[in-house]
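Asks:
2 protein chains.
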Amino acid sequence: MSRSVRGEFEIITQIKERCQASPVVQLGIGDDCAILQLPPGELLLSTTDMLIESVHFRRDWTGLLSLGRKSAAVNLSDLAAMGATPRALFLALAIPADLIAEDIDLFFEGFLEVCHDSGAVLAGGDTSSSQAGLSICVTALGSAPATEVVRRSGAKPGDGLYVTGALGDSSLALQWLGEGRALPPELLNRHLEPTARVKAGRALARSGIATAMIDVSDGLLADLGHILKASLVGACIQVDRLPLSSALRATGDEDSRLFDRALTGGEDYELLFTATPESEGKIARIASENSLPITRIGTISMAAEEFVLEYNGNMYPLPLHRGYKHFSDGT
Amino acid sequence: MSRSVRGEFEIITQIKERCQASPVVQLGIGDDCAILQLPPGELLLSTTDMLIESVHFRRDWTGLLSLGRKSAAVNLSDLAAMGATPRALFLALAIPADLIAEDIDLFFEGFLEVCHDSGAVLAGGDTSSSQAGLSICVTALGSAPATEVVRRSGAKPGDGLYVTGALGDSSLALQWLGEGRALPPELLNRHLEPTARVKAGRALARSGIATAMIDVSDGLLADLGHILKASLVGACIQVDRLPLSSALRATGDEDSRLFDRALTGGEDYELLFTATPESEGKIARIASENSLPITRIGTISMAAEEFVLEYNGNMYPLPLHRGYKHFSDGT
Chain A
6 MSRSVRGEFE IITQIKERCQ ASPVVQLGIG DDCAILQLPP GELLLSTTDM
56 LIESVHFRRD WTGLLSLGRK SAAVNLSDLA AMGATPRALF LALAIPADLI
106 AEDIDLFFEG FLEVCHDSGA VLAGGDTSSS QAGLSICVTA LGSAPATEVV
156 RRSGAKPGDG LYVTGALGDS SLALQWLGEG RALPPELLNR HLEPTARVKA
206 GRALARSGIA TAMIDVSDGL LADLGHILKA SLVGACIQVD RLPLSSALRA
256 TGDEDSRLFD RALTGGEDYE LLFTATPESE GKIARIASEN SLPITRIGTI
306 SMAAEEFVLE YNGNMYPLPL HRGYKHFSDG T
Chain B
6 MSRSVRGEFE IITQIKERCQ ASPVVQLGIG DDCAILQLPP GELLLSTTDM
56 LIESVHFRRD WTGLLSLGRK SAAVNLSDLA AMGATPRALF LALAIPADLI
106 AEDIDLFFEG FLEVCHDSGA VLAGGDTSSS QAGLSICVTA LGSAPATEVV
156 RRSGAKPGDG LYVTGALGDS SLALQWLGEG RALPPELLNR HLEPTARVKA
206 GRALARSGIA TAMIDVSDGL LADLGHILKA SLVGACIQVD RLPLSSALRA
256 TGDEDSRLFD RALTGGEDYE LLFTATPESE GKIARIASEN SLPITRIGTI
306 SMAAEEFVLE YNGNMYPLPL HRGYKHFSDG T
């Protein structure tokens with residue numbers, strides 16, 4: 006029996022023992038399908054994201070514990086962006102021969118930690134050998150009452166535009182990793198172990214505050230573009246209000262480079278949402294309850310799909326490259 | 006903008022236009038998550054399967070149309086094995102640079118054809134570039150009333166053991182492909198484009214006939230082993246009753262080699278199930294209604310996890326290698 010074949014059954018047995026129980030998951034790993042019973046009347050939300058070696062990550066830049074955490078988080082972030090409660094994750098791994106058992110264990114440790122912290126359980130998946138590189142594919146299932154699901158299409162002119170946390174850290178970390186520069190751990194972790202804003206997303210949805218929402222994975226302008234397109238509206242962004250972390254500011258870069266990075270950097274996994282002006286107070290309360298800064302960065306306008314950027318009352322030029330690219334041009 | 010980045014948006018737009026509507030899928034491709042509303046009271050069934058280049062397939066052996074069909078079918082087969090109605094598929098593709106747009110189109114044509122034939126719709130996924138080989142990861146979601154879900158654990162001593170279709174074709178085709186031998190198309194297609202027994206699985210579940218069920222992906226003995234373990238029973242197989250296709254018989258191999266292949270060959274994606282002796286007539290009707298042979302091949306016994314093989318009343322030796330291996334030992 007080959008390493009990979011033996012590996013599959015060993016991995017599944019070990020993982021099964023580490024999976025938590027859940028009232029929603031009637032049957033997890035161990036049959037042809039997992040069986041879930043969602044709370045009556047709730048809609049099912051489903052999202053799938055891959056992390057491919059040499060496209061989305063490099064094993065010489067990330068530990069397997071971090072990679073496990075990130076693999077769960079980037080999928081949970083999509084559930085958060087629609088306001089869903091995470092219920093179950095499914096994990097498919099194609100494992101190259103040079104990945105040792107301890108690395109796989111670390112990956113699962115990180116993955117299960119973030120999965121369980123979100124309230125979801127690992128309910129199934131697949132493993133295979135890989136001839137070239139580690140491939141990770143995760144499907145995340147969540148649920149929410151129909152009235153509490155937030156789409157991209159609900160933004161209205163006059164709505165405020167908000168973002169959680171800080172922007173640009175992850176893309177700076179990625180650039181410095183590429184340049185071989187030493188990184189402050191708080192910046193490095195923002196790239197290697199991003200946090201999905203699950204509780205904040207759920208709170209913004211449950212309260213009816215968010216009129217449209219998306220997570221910032223491709224960069225603020227790119228992801229805002231999706232909201233503008235789906236909602237047939239435009240946006241004016243106060244660039245000087247974009248939230249920057251103290252770690253990002255401490256790099257000493259000039260303001261325009263920092264703000265360009267905040268406008269275009271990807272993989273921050275913060276929530277970008279719109280809300281009516283009356284929601285200001287409630288948003289402050291959700292920020293406080295979640296110990297998570299939420300910053301108003303602009304206003305939705307009528308001009309369909311049009312961006313206007315302002316900086317201290319003046320026009321601010323649109324960055325040339327609006328999209329975010331992984332180091333090997335993967336998407 | 007790189008080929009792969011441009012590719013992603015083009016692919017998504019084109020695919021979106023080709024996706025069908027479904028009353029279950031409220032929102033398909035185009036937001037952070039897909040939104041599904043399952044029929045009230047039905048359970049959700051979910052399964053994930055990968056197809057990795059050089060592990061599960063070789064591009065010099067399969068066309069992309071066939072590969073698209075197979076990628077959908079192997080996942081639908083897991084839903085069929087629990088009696089679920091397919092609802093939505095999610096498709097993640099890591100695409101190498103040497104795969105041209107026409108190939109990707111063919112893949113989607115095959116995938117969508119099998120997806121739609123099953124009654125499901127493509128509701129989301131992910132695309133990425135790949136540094137090495139095509140990786141395909143599919144998650145299939147289905148649903149069924151709680152009383153109609155068939156697990157592996159319900160087999161009882163005295164139950165008959167049944168299998169749909171014929172066994173061994175796919176593994177012979179794989180062997181001959183490896184040896185560079187010319188193949189009759191009906192054998193080749195059994196490997197390259199297996200059929201998920203979705204309607205038969207649903208009928209066996211809905212009628213309450215199947216007491217335990219699994220699909221034969223790893224080989225009859227290996228998959229029967231899962232039923233025996235989950236149900237804490239044994240099985241006696243009448244090897245001479247194993248259903249062989251006329252194409253397999255026409256190879257002129259001696260009987261013992263044909264039956265060994267039927268016992269251990271993988272990827273037939275037939276349904277293996279157990280049923281009480283009273284169900285004989287109903288099973289014949291389901292076979293007739295689905296134009297699909299269903300053969301009784303043995304009986305469930307009390308001897309936990311014990312296989313007994315008989316051939317025309319005599320003992321038949323257990324094949325040495327019970328599991329099925331892909332050509333590169335992937336699982």
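Chains A and B are the protein sequences, given in the same order.
Quick note: the first sequence uses the working numbering, first residue 6, plus one each step.
Quick note: the second sequence uses the working numbering, first residue 6, plus one each step.
For every residue, glycine included, the Cβ atom is placed at its ideal position computed from N, Cα and C.
Can you check whether the CB of A:Ser-135 is closer than 7 Å to the CB of B:Ile-57?
Replies: A contact, by the Cβ cut-off of 7 Å.
Asks: Please report the straight-line C-alpha distance between B:Lys-234 and B:Ser-158, rounded to a whole angstrom.
Replies: Taking the straight line from one Cα to the other gives about 8 Å.
Asks: Quick check on B:Arg-202: does DSSP put it in helix, strand or coil?
Replies: If DSSP states are grouped into helix, strand and coil, B:Arg-202 belongs with coil.
Asks: If you reduce the DSSP assignment to three classes, tell me which class A:Leu-243 lands in.
Replies: Residue 243 of chain A is actually Gln in this sequence, not Leu. Strand.
Asks: Taking only beta carbons into account, state which residues of the segment 163-188 of chain B come closer than 8 Å to chain A, listed in chain order.
Replies: Cβ contacts with chain A come from no residue of the segment 163-188 of chain B.
Asks: Compare the C-beta of A:Ser-51 with all C-beta atoms of chain B and state if any pair is closer than 7 Å.
Replies: Chain B, which has a Cβ nearer than 7 Å to the Cβ of A:Ser-51, makes this yes.
Asks: Taking DSSP as the reference, what is the three-state secondary structure of B:Ser-176?
Replies: Helix at B:Ser-176.
Asks: Beta-carbon separation of A:Gly-138 and B:Ala-102 under 7 Å?
Replies: No, the Cβ-Cβ distance between A:Gly-138 and B:Ala-102 is not below 7 Å.
Asks: Return the residues of the segment 53-71 of chain A that lie within a Cβ-Cβ distance of less than 8 Å from chain B, sorted by chain order.
Replies: Listed by position, the residues of the segment 53-71 of chain A near chain B (Cβ gap below 8 Å) are Thr-53, Asp-54, Met-55, Ile-57, Glu-58, Ser-59, Val-60, His-61.
Asks: Are the C-beta atoms of B:Glu-87 and some chain A residue less than 7 Å apart?
Replies: Reading off the sequence shown, one finds Met at residue 87 of chain B, where the question assumed Glu. Yes, contact with chain A.
Asks: Check whether the segment 162-169 of chain A touches the segment 262-281 of chain A, counting contact only when three or more Cβ pairs, one atom from each stretch, lie closer than 8 Å.
Replies: Cβ pair count under 8 Å is three or more, so yes.
Asks: Starting from the beta carbon of A:Gly-130, find every residue of chain B whose beta carbon is closer than 8 Å, and list them in chain order.
Replies: Near A:Gly-130 (Cβ distances below 8 Å), the residues of chain B are Thr-53.
Asks: State the beta-bridge partners of B:Ala-217 as determined by DSSP.
Replies: B:Ala-217 pairs with B:Thr-279.
Asks: Pull the bridge partners of B:Asn-319 from the DSSP assignment, please.
Replies: B:Tyr-316, per the DSSP bridge assignment.
Asks: Tell me where the beta strand (DSSP E) around B:Ile-141 begins and ends.
Replies: Taken as a continuous stretch (DSSP letters only), the beta strand (DSSP E) holding B:Ile-141 covers 140-150.
Asks: Which residues in the same chain as A:Leu-188 place their Cβ atom closer than 8 Å to its Cβ, once the five residues preceding and following it in sequence are excluded?
Replies: Here the set comprises Ala-178, Trp-181, Leu-182.
Asks: Quick one: is B:Arg-11 buried, meaning 16 or more other Cβ sit within 10 Å of its Cβ, or exposed?
Replies: Legend: pLDDT at B:Arg-11 = 46, less than 50; position of this residue unreliable, no value from coordinates given.
Asks: Give the straight-line distance between the Cα atoms of A:Ile-109 and A:Asn-194, rounded to the nearest whole angstrom.
Replies: Using only the alpha carbons, I get a separation of about 20 Å.
Asks: Please list, in chain order, the chain B residues whose beta carbon lies closer than 8 Å to that of A:Thr-144.
Replies: Here the neighbours are Ser-51, Thr-53, Phe-95, Thr-144.
Asks: Check for me: the beta strand (DSSP E) holding B:Ser-51 runs from which residue to which?
Replies: Element bounds for B:Ser-51: 47-57.
Asks: Tell whether a beta-carbon distance below 7 Å holds between A:Arg-207 and A:Leu-146.
Replies: Contact: no.
Asks: Is DSSP giving A:Ser-158 helix, strand or coil here?
Replies: Three-state DSSP puts A:Ser-158 in coil, outside helix and strand.
Asks: Take A:Ser-9 and list the residues in its own chain whose beta-carbon comes closer than 6 Å to its own, dropping the five residues that flank it on each side.
Replies: Its pLDDT being 46, under 50, A:Ser-9 is placed unreliably by the model, and the measurement read from it follows with that caveat. These residues qualify, in order along the chain: Ser-134.
Asks: Going by other Cβ atoms of all chains shown within 10 Å of its Cβ, with 16 needed for buried, is A:Ala-128 buried or exposed?
Replies: Buried.
Asks: For B:Leu-41, write down the residues that DSSP places opposite it in a beta bridge.
Replies: Partner(s): A:Leu-49, B:Val-30.
Asks: Which class does A:Arg-92 belong to by DSSP, given the choice of helix, strand or coil?
Replies: In this structure, A:Arg-92 counts as strand in the three-state DSSP scheme.
Asks: With a cut-off of 8 Å on the beta carbons, I'd call A:Thr-144 and B:Thr-144 a contact; round off their distance for me.
Replies: A:Thr-144 to B:Thr-144, Cβ: 4 Å. Contact.
Asks: Helix, strand or coil: which one does DSSP assign to A:Ser-135?
Replies: If DSSP states are grouped into helix, strand and coil, A:Ser-135 belongs with the strands.
Asks: A:Ala-77 and A:Cys-120 - do their beta-carbons sit closer together than 7 Å?
Replies: Result yes, Cβ atoms of A:Cys-120 and A:Ala-77 sit closer than 7 Å.
Asks: For the alpha helix (DSSP H) containing B:Gly-286, name the first residue and the last one.
Replies: B:Gly-286 -> alpha helix (DSSP H) spans 285-294.
Asks: Quick one, which of A:Ser-261, A:Trp-66, A:Thr-152, A:Gly-173 has its alpha-carbon nearest A:Leu-323's?
Replies: Among A:Ser-261, A:Trp-66, A:Thr-152, A:Gly-173, the Cα nearest to that of A:Leu-323 belongs to A:Ser-261.
Asks: Measure the C-alpha to C-alpha separation of A:Tyr-316 and B:Ile-20 and round it to an integer number of angstroms.
Replies: Straight-line Cα distance between these residues: approximately 39 Å.
Asks: Show which residues of chain A have a CB atom less than 9 Å away from the CB atom of B:Ile-299.
Replies: What B:Ile-299 touches in chain A: nothing, since even the nearest Cβ is about 18 Å away.
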